[in-house]
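*Asks:*
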Amino acid sequence: MPKKIVVEIAEGLGNQLFMYAHSYALSKRLDCELQIDNVSGFSKKKNKLRSHQKYMLDKFNISQNLADSNSTYENSFKRIKKKYELFFEKFKNKKKFIIEKNIKINNNKTALPIIIPDNSNLSNLIYVQGNFENEKYFHSFKDDLIKMYKPLKRFINYDNETIYQLKNTNSVSIHVRKNKYSDQPHEIIKNERLVKSENFTNDLLDYIKKSIIYFEKKINNPTFFIWSNDIDSITKHFKGKNFVYVKGNDVINDFNLFSYAKHFIVGGSTFHWWGAYLNTNPNKICVFPSTLNPSGNPNFYPNHWKRI
Numbered sequence: 004m005p006k007k008i009v010v011e012i013a014e015g016l017g018n019q020l021f022m023y024a025h026s027y028a029l030s031k032r033l034d035c036e037l038q039i040d041n042v043s044g045f046s047k048k049k050n051k052l053r054s055h056q057k058y059m060l061d062k063f064n065i066s067q068n069l070a071d072s073n074s075t076y077e078n079s080f081k082r083i084k085k086k087y088e089l090f091f092e093k094f095k096n097k098k099k100f101i102i103e104k105n106i107k108i109n110n111n112k113t114a115l116p117i118i119i120p121d122n123s124n125l126s127n128l129i130y131v132q133g134n135f136e137n138e139k140y141f142h143s144f145k146d147d148l149i150k151m152y153k154p155l156k157r158f159i160n161y162d163n164e165t166i167y168q169l170k171n172t173n174s175v176s177i178h179v180r181k182n183k184y185s186d187q188p189h190e191i192i193k194n195e196r197l198v199k200s201e202n203f204t205n206d207l208l209d210y211i212k213k214s215i216i217y218f219e220k221k222i223n224n225p226t227f228f229i230w231s232n233d234i235d236s237i238t239k240h241f242k243g244k245n246f247v248y249v250k251g252n253d254v255i256n257d258f259n260l261f262s263y264a265k266h267f268i269v270g271g272s273t274f275h276w277w278g279a280y281l282n283t284n285p286n287k288i289c290v291f292p293s294t295l296n297p298s299g300n301p302n303f304y305p306n307h308w309k310r311i
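Numbering (this note's numbering) for the sequence shown: 4 to 311.
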């Protein structure tokens with residue numbers, strides 16, 4: 004039986020939460036220790052190019068059981084070693100690596116489902132790498148995640164007026180992520196990134212406007228709270244007394260604010276997905292776009308959320 008799982012954490016906060024959730028559930032199912040590799044993913048060139056991406060799981064109620072240097076791949080020598088390990092694993096009965104694989108479908112990266120080997124076919128050390136953006140991997144442990152994914156009190160401003168507003172209105176949370184592809188210089192050439200980002204933003208705004216109409220018909224006196232990484236360019240799209248723009252761009256405090264919202268217009272980011280998923284309002288309504296998927300996983304949105 005496996006003794007230890009090491010999960011590689013990388014990218015932005017939403018992705019980090021998916022990575023950890025999948026491996027946490029896996030460690031429970033396989034009854035083994037879970038350790039965090041918080042260095043290898045952030046040592047890769049593609050992550051170094053985006054300054055906002057850094058390890059953030061230490062801001063939450065998550066056990067910081069960090070992997071030792073013998074179990075990580077944070078430099079060139081270790082990454083070469085990993086390539087050899089992956090090659091020779093093809094000839095071994097006991098597998099060390101569980102890595103999410105992606106293929107191109109219609110020019111879009113698509114994650115293949117993971118099939119976990121039998122215990123007898125796993126080594127005593129398992130290294131897990133991938134985004135695993137599908138709630139089916141960890142939904143059985145949602146109650147644990149709600150507790151663990153609560154930000155530590157020392158990072159939260161509880162005097163924030165927005166908390167009171169969210170709690171005392173029929174609040175609907177909206178997150179508009181701009182520059183989705185243009186801030187990822189490793190993906191595609193510059194002009195294509197800009198065009199792809201602009202198209203994504205335009206489609207997202209169209210979906211949000213349709214969703215606003217839906218909520219205006221569905222609930223009484225909704226108040227729409229809008230978060231964005233480029234708030235100044237968004238204000239022209241949504242005007243009126245029932246729109247509140249949440250300013251500050253403090254990732255952990257913004258994440259905490261999601262927990263006070265009543266409903267969600269989800270789309271555009273894994274960050275907002277988690278806000279909606281973890282929110283414990285028993286009467287919440289979560290909607291998602293029928294034509295937009297910010298993830299490489301075709302099962303990104305839960306089945307019980309409403310498609311718009």
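Note that beta-carbon positions come from the ideal geometry of N, C-alpha and C, so glycine has one too.
Kindly indicate which residue of 216, 231, 233 and 232 has the alpha-carbon position closest to the one of residue 225.
*Replies:* Your numbering for residue 225 matches position 222 in the sequence shown. Answer by Cα proximity: 216.
*Asks:* For residue 259, which residues from the same chain have a beta carbon less than 6 Å from its beta carbon, with the 5 sequence-adjacent residues on both sides left out?
*Replies:* On the sequence shown, residue 259 is found 256 positions in, with the first residue counted as 1. Excluding sequence neighbours, residue 259 sits near 154 and 159.
*Asks:* For the 8 Å Cβ check, are there 3 or more pairs between the region 57-73 and the region 102-114?
*Replies:* The answer is no - the region 102-114 does not touch the region 57-73, with fewer than three Cβ pairs under 8 Å.
*Asks:* Report buried or exposed for residue 297, applying the criterion of at least 16 other Cβ atoms within 10 angstroms of its Cβ.
*Replies:* Position 294 of the sequence shown, counted from the start, is the residue given in the question as residue 297. Under the 10 Å beta carbon count, residue 297 is surrounded by 16 or more other beta carbons and is classified as buried.
*Asks:* What does a CB cutoff of less than 7 Å around residue 250 pick up in its chain, not counting 5 residues either side in sequence?
*Replies:* Your numbering for residue 250 matches position 247 in the sequence shown. These residues qualify, in order along the chain: 234.
*Asks:* Among residues of its own chain, excluding the 5 on either side of residue 169, which ones have a beta-carbon nearer than 6 Å to its beta-carbon?
*Replies:* Within the sequence shown, the letter at position 166 stands for residue 169. Correct list, in chain order: 263 and 264.
*Asks:* Can you tell me the Cα-Cα spacing of residue 203 and residue 295, whole angstroms?
*Replies:* To locate residue 203, count along the sequence shown from 1; it is residue 200. To locate residue 295, count along the sequence shown from 1; it is residue 292. When rounded, the distance between both Cα atoms is 8 Å.
*Asks:* Going by DSSP in three states, residue 304 sits in which element: helix, strand or coil?
*Replies:* The residue given as residue 304 occupies position 301 in the sequence shown. In the three-state DSSP reduction, residue 304 falls in the coil class, being neither helix nor strand.
*Asks:* Which one or two residues does DSSP pair with residue 132 in a beta bridge?
*Replies:* Your numbering for residue 132 matches position 129 in the sequence shown. DSSP output for residue 132 lists 102 as bridge partner(s).
*Asks:* Might you give, ordered along the chain, the residues of its own chain that have their beta carbon closer than 8 Å to the beta carbon of residue 56, omitting 5 neighbours on each side?
*Replies:* Your numbering for residue 56 matches position 53 in the sequence shown. Counting only residues of its own chain and dropping the five nearest sequence neighbours on each side, residue 56 has a CB closer than 8 Å to the CB of 13, 14, 15, 45 and 50.
*Asks:* Just how far apart, CA to CA, sit residue 143 and residue 28?
*Replies:* The residue given as residue 143 occupies position 140 in the sequence shown. The residue given as residue 28 occupies position 25 in the sequence shown. Looking at the two C-alpha atoms, the distance is approximately 8 Å.
*Asks:* With H, G and I counted as helix, E and B as strand and the rest as coil, what does DSSP make of residue 273?
*Replies:* The residue labelled residue 273 in the question sits at position 270 within the sequence shown. Residue state, collapsed to three classes: helix.
*Asks:* Give me the Cα-Cα distance between residue 238 and residue 246, rounded to the nearest whole angstrom.
*Replies:* The residue you call residue 238 lines up with position 235 of the sequence shown. The residue you call residue 246 lines up with position 243 of the sequence shown. Rounded to whole angstroms, residue 238 to residue 246 spans 9 Å at the Cα level.
*Asks:* Hey, how far is the Cα of residue 184 from the Cα of residue 199?
*Replies:* Translated into positions along the sequence shown, residue 184 becomes position 181. Translated into positions along the sequence shown, residue 199 becomes position 196. Low local confidence applies: a pLDDT of 49 at residue 184 is under 50, so the model's placement there is unreliable, with the coordinate-based value given in what follows. So the two alpha carbons sit approximately 7 Å from each other.
*Asks:* Based on Cα-Cα distance, which residue from 254, 257 and 227 lies nearest to residue 243?
*Replies:* Along the sequence shown, one-based indexing puts residue 243 at 240. Of 254, 257 and 227, the residue nearest in Cα terms is 227.
*Asks:* By a C-beta neighbour count over all protein chains shown, 10 Å radius and 16 as the cutoff for buried, is residue 285 buried or exposed?
*Replies:* For this step, residue 285 is matched to residue 282 along the sequence shown. Exposed, by the Cβ-count rule.
*Asks:* Can you check which of these residues, 117, 121, 271 and 254, is closest to residue 59 by C-alpha distance?
*Replies:* In the sequence shown, the residue the question calls residue 59 occupies position 56. Distance check between residue 59 and each of 117, 121, 271 and 254 places 254 closest, using alpha-carbon atoms only.
*Asks:* Whole-angstrom Cβ separation of residue 137 and residue 300, contact assumed at under 8 Å?
*Replies:* The residue given as residue 137 occupies position 134 in the sequence shown. The residue given as residue 300 occupies position 297 in the sequence shown. Confirmed, Cβ separation roughly 5 Å.
*Asks:* What is the DSSP secondary structure of residue 56, counted as helix, strand or coil?
*Replies:* For this step, residue 56 is matched to residue 53 along the sequence shown. Correct three-state label for residue 56: coil.
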